[in-house]
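What follows is a single structure, written as structure tokens, with notes after it.
There are 2 protein chains.
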Amino acid sequence: MTVSRVINNTGRISEKTRLKVQKVMEELHYVPNATARSLVLQRTMTLSLLITDITNPFYTTVARGAEDAARENGYKLLLGNSDESVDKEREYIDTVLSTRVDGVLITPSGDRSRPHLETLARHGIPFVILDREVPGIACDCVLGDSVGGARKLVDYLIGLGHRRIALVNGSPEVSTARDRLAGYRQALAERGIGFAPAYVMESNYRPQDAEAAAERLQSLSPSPTAVFAANNLLALSLLQSLRKRGIGVPEELSIVTFDDFGYMSVLDPFFTLVAQPAYEFGRQGISLLIERIENRDAPPRRIVLPNELTTGRSVRPAAPSA
Amino acid sequence: MTVSRVINNTGRISEKTRLKVQKVMEELHYVPNATARSLVLQRTMTLSLLITDITNPFYTTVARGAEDAARENGYKLLLGNSDESVDKEREYIDTVLSTRVDGVLITPSGDRSRPHLETLARHGIPFVILDREVPGIACDCVLGDSVGGARKLVDYLIGLGHRRIALVNGSPEVSTARDRLAGYRQALAERGIGFAPAYVMESNYRPQDAEAAAERLQSLSPSPTAVFAANNLLALSLLQSLRKRGIGVPEELSIVTFDDFGYMSVLDPFFTLVAQPAYEFGRQGISLLIERIENRDAPPRRIVLPNELTTGRSVRPAAPSA
DNA sequence: TAATGTAGTGTTATCGGTAACTCTACCCTA
DNA sequence: TAGGGTAGAGTTACCGATAACACTACATTA
């Protein structure tokens with residue numbers, strides 16, 4: 001007990017005893033056992049970051065922001081990749097529950113993550129949603145402006161004369177995909193361009209899905225002059241698939257997308273895209289989470305971070321004939 | 001106790017009792033407390049990954065490999081970024097000690113990490129070194145062939161007629177920097193090219209250091225026709241600094257480097273570089289670590305993963321006059 | 001029939017901390 | 001000088017699991 005008081009600097013300790021304890025602690029290389037402390041205090045000082053894939057440059061930077069913020073506040077950070085899979089996500093949720101982390105910062109795999117979030121709530125584990133909303137779940141979240149970003153991109157294309165613009169989207173089960181579709185449709189509508197369902201294809205936000213999208217793109221008639229790929233890795237794979245098929249980008253087809261490629265964008269920004277402040281997503285997500293942990297009764301907060309259009313070589317004005 | 005037996009499937013339990021317990025567990029949404037289990041079993045099923053910076057595409061992929069391997073084996077993964085700082089690393093080591101993780105996979109900030117590793121050893125925490133060796137520490141490690149890789153790069157440059165090749169290296173306190181210098185010198189020596197100390201500059205492997213290096217590069221006379229930047233982010237920042245100074249790359253100066261840029265390399269590999277299998281670094285590092293945890297008496301193992309030269313647009317043959 | 005074995009369940013101590021309380025000097029005050 | 005206060009240290013119970021052991025029926029065996 002006396003040792004505990006010295007370590008935590010609580011209660012009354014004579015200077016003599018304090019020094020003696022400290023000396024012995026040094027001699028024995030004593031390190032307090034966080035596990036035991038967690039058990040009695042009922043908090044682990046650990047947060048869980050559950051994202052879809054750390055190798056996606058957007059989430060890489062999110063993770064960095066999250067880790068920085070967690071560390072600054074004395075928390076440890078557990079990492080998990082769900083790969084957009086509800087099942088894998090559930091496994092992580094199970095781990096999170098038994099680990100008794102103090103909070104979870106999560107990018108849900110989609111609307112079907114709702115039961116997972118409800119499970120967290122039922123067990124009293126605070127969580128903050130990152131990047132994607134889940135209908136029916138009222139909680140703190142850090143989001144981007146997907147509708148606005150998509151509008152900007154499509155409007156930009158239209159401004160360059162494009163009229164037949166395809167959308168290679170994520171799954172409609174994911175809020176960002178729905179929002180990007182909404183923004184796409186808004187932009188078309190505002191410019192009086194008809195919406196052609198055939199120009200919209202769904203995927204699972206994963207690079208593997210691009211090949212099928214490329215095939216469908218190629219089969220469209222009249223063929224689109226531009227395509228909006230709903231996220232960065234999708235755009236990249238799509239680009240590869242298109243080039244493999246001999247379709248020149250941007251010569252024959254322009255591409256725009258969401259989220260940058262980290263260091264890639266620095267050197268020579270190939271893609272025209274809407275960039276989001278990934279680091280702030282992570283940092284502010286953790287901040288919200290910690291504030292939630294400290295005050296469970298506060299009303300949920302919703303932070304929307306701005307995005308920005310940056311132009312690259314992936315877009316060319318539409319040919320006047322088109 | 002009976003519940004414990006059901007959960008862990010140990011001891012004798014009648015089918016009737018098992019079902020009853022399982023039913024009640026479901027009803028109560030009971031989840032075993034990993035903290036309590038850790039305390040009594042003296043293991044946390046948690047590993048720590050301590051790297052310099054997750055946003056470096058090399059370490060991003062390392063982290064993904066590590067997380068996959070950890071999860072497959074039932075371990076959780078804690079993430080930490082040391083930013084090449086011994087002090088920050090020490091803070092993480094302290095956390096690791098009190099957290100009682102079962103093992104640590106670490107990219108040491110440099111030779112001065114030795115005390116940290118000795119601390120881990122003294123506390124009986126298994127660790128595996130990743131990417132960088134530390135003199136005086138005999139332990140499991142997963143390394144790349146820095147000497148060979150550097151030789152390949154410099155030899156490639158020499159083959160293209162370059163004779164004045166600069167090296168923007170990391171700190172000599174880091175084994176990979178020493179090895180890359182050694183490989184550089186080997187390649188020069190084998191081709192009978194004299195070693196010019198003025199052509200070698202040190203940095204801290206961090207992008208911020210590139211500006212100073214660019215300045216020194218520009219001041220060299222005769223100026224080099226090529227430069228070997230010891231890692232990817234250094235190369236990228238160097239490139240930016242050089243271009244800002246009006247030095248054309250590759251027109252006036254060719255650049256080669258170590259480690260790729262993840263997705264960046266896929267699209268249009270600008271840099272000529274030696275790529276290392278980052279995912280395997282992470283995966284095999286965790287494998288070694290887990291095997292070490294399970295058998296502390298086995299002799300240390302040293303895995304050296306191969307690298308591969310991939311060419312890009314950052315290199316041009318030297319002008320015949322040079 | 002008594003001894004022995006065994007399946008199934010319960011009890012106790014423990015991991016390493018901390019909250020809450022107790023205890024012992026010693027001091028001050030009326 | 002008795003009563004009360006206080007500084008500083010110690011005691012006890014507890015967090016939620018598991019190892020080791022104990023116990024109770026009942027079955028088997030000699």
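Each protein sequence line maps, in turn, to chains U and C. If you're matching positions, the first sequence starts at 1 in full-length UniProt numbering and goes up one per residue. If you're matching positions, the second sequence starts at 1 in full-length UniProt numbering and goes up one per residue. Glycine is no exception: its CB is placed at the ideal position from the N, C-alpha and C atoms. No experiment lies behind these values; they were computed from the predicted model shown.
query                                                                                                                                                                                                         : result
I'd like to know whether the C-beta of residue 98 of chain U is nearer than 7 Å to at least one C-beta of chain C.                                                                                            : yes
Would you identify the three-state DSSP class for residue 46 of chain C, choosing helix, strand or coil?                                                                                                      : strand
Can you name, in chain order, every residue of its own chain whose Cβ lies under 6 Å from the Cβ of residue 270 of chain C, other than the five neighbours on each side?                                      : 312, 313 and 314
Please go through the same chain and pick out, in chain order, the residues whose beta-carbon is closer than 7 Å to the beta-carbon of residue 146 of chain C, but skip the five residues on each side of it. : 176, 179, 180 and 183
Got a sec? Which residues, its chain only, sit under 6 Å from residue 304 of chain U by beta carbon, not counting five neighbours each side?                                                                  : 143 and 145
Looking at residue 84 of chain U and residue 109 of chain U, is the spacing between their C-beta atoms short of 7 Å?                                                                                          : yes
Taking only the alpha-carbon atoms, compute the straight-line gap between residue 207 of chain U and residue 230 of chain U and give it to the nearest angstrom.                                              : 11 Å
Return the CA-CA distance between residue 66 of chain C and residue 77 of chain C, expressed in angstroms with no decimal places.                                                                             : 8 Å
Closest Cβ-Cβ distance between residue 331 of chain C and chain U: below 7 Å?                                                                                                                                 : Since the first residue shown for chain C is 1 and the last is 322, residue 331 of chain C is missing from the structure and cannot be characterised.
Does any residue of chain C bring its CB to less than 7 Å from the CB of residue 36 of chain U?                                                                                                               : yes
Do residue 224 of chain C and residue 166 of chain C have their CB atoms nearer than 7 Å?                                                                                                                     : yes
For residue 1 of chain U, which of helix, strand or coil comes out of DSSP?                                                                                                                                   : coil
Identify every residue that forms a DSSP beta bridge with residue 121 of chain U.                                                                                                                             : Bridge partners of residue 121 of chain U: none, in fact.
Could you check where the beta strand (DSSP E) with residue 228 of chain U kicks off and where it finishes?                                                                                                   : 226 to 229
For the alpha helix (DSSP H) holding residue 232 of chain U, just list the boundary residues, first then last.                                                                                                : 232 to 244
With distances taken from CA atoms, which of U:292, U:237, U:248 and U:153 is nearest residue 310 of chain U?                                                                                                 : U:153
Here's the rule: buried if 16 or more other CB atoms are within 10 angstroms of the residue's CB, otherwise exposed. What is residue 44 of chain U?                                                           : buried
On the three-state DSSP scale, how would you describe residue 265 of chain U?                                                                                                                                 : helix
Contact criterion: CB-CB distance below 7 Å. Does residue 264 of chain C meet it with respect to chain U?                                                                                                     : yes
Give every residue of the same chain whose Cβ lies closer than 6 Å to the Cβ of residue 191 of chain U, excluding the five residues on either side of it in the sequence, and list them in chain order.       : 158
Going by C-alpha distance, which of C:3, C:36 and C:130 is nearest residue 26 of chain C?                                                                                                                     : C:3
Answer yes or no: do residue 275 of chain C and residue 308 of chain C have a C-beta to C-beta separation smaller than 7 Å?                                                                                   : yes
Take every Cβ of the stretch 54 to 74 of chain U, pair it with every Cβ of the stretch 91 to 103 of chain U, and state whether three or more of those distances are shorter than 8 Å.                         : no
With three or more beta-carbon pairs closer than 8 Å as the criterion, would you say the stretch 280 to 287 of chain U touches the stretch 117 to 125 of chain U?                                             : no
Measure the alpha-carbon distance for residue 257 of chain C versus residue 86 of chain C and round it to whole angstroms.                                                                                    : 25 Å
Please classify residue 154 of chain C: does DSSP put it in a helix, a strand, or coil?                                                                                                                       : helix
Would you call the CB atoms of residue 126 of chain C and residue 103 of chain C closer than 7 Å?                                                                                                             : yes
Looking only at its own chain, which residues have a Cβ that is under 6 Å from the Cβ of residue 186 of chain U, when we skip the five neighbours before and after it?                                        : 151
From this set, C:209, C:163, C:295 and C:218, which residue's C-alpha is nearest residue 196 of chain C's C-alpha?                                                                                            : C:163
Could you give the distance in angstroms between the alpha-carbon of residue 168 of chain C and the alpha-carbon of residue 202 of chain C?                                                                   : 6 Å
Report the residue ranges of all alpha helix (DSSP H) runs contained in full by the stretch 45 to 122 of chain C; include only those spanning at least 4 residues, in chain order.                            : 57 to 72, 86 to 99 and 114 to 122
From the DSSP output, read off the bridge partner residues of residue 275 of chain C.                                                                                                                         : C:308
Using beta carbons (cut-off 7 Å, strictly below), is residue 52 of chain C in contact with chain U?                                                                                                           : no
What residues in its chain sit with their C-beta under 6 Å from that of residue 226 of chain C, if we drop five residues either side in the sequence?                                                         : 157, 162, 165 and 254
Could you pull out every residue in the same chain whose Cβ sits closer than 7 Å to the Cβ of residue 112 of chain U, ignoring the five residues on either side in sequence?                                  : 86 and 173
By Cβ distance below 7 Å, which residues in the same chain neighbour residue 317 of chain C in space, the five residues on each side in sequence not counted?                                                 : 160 and 161
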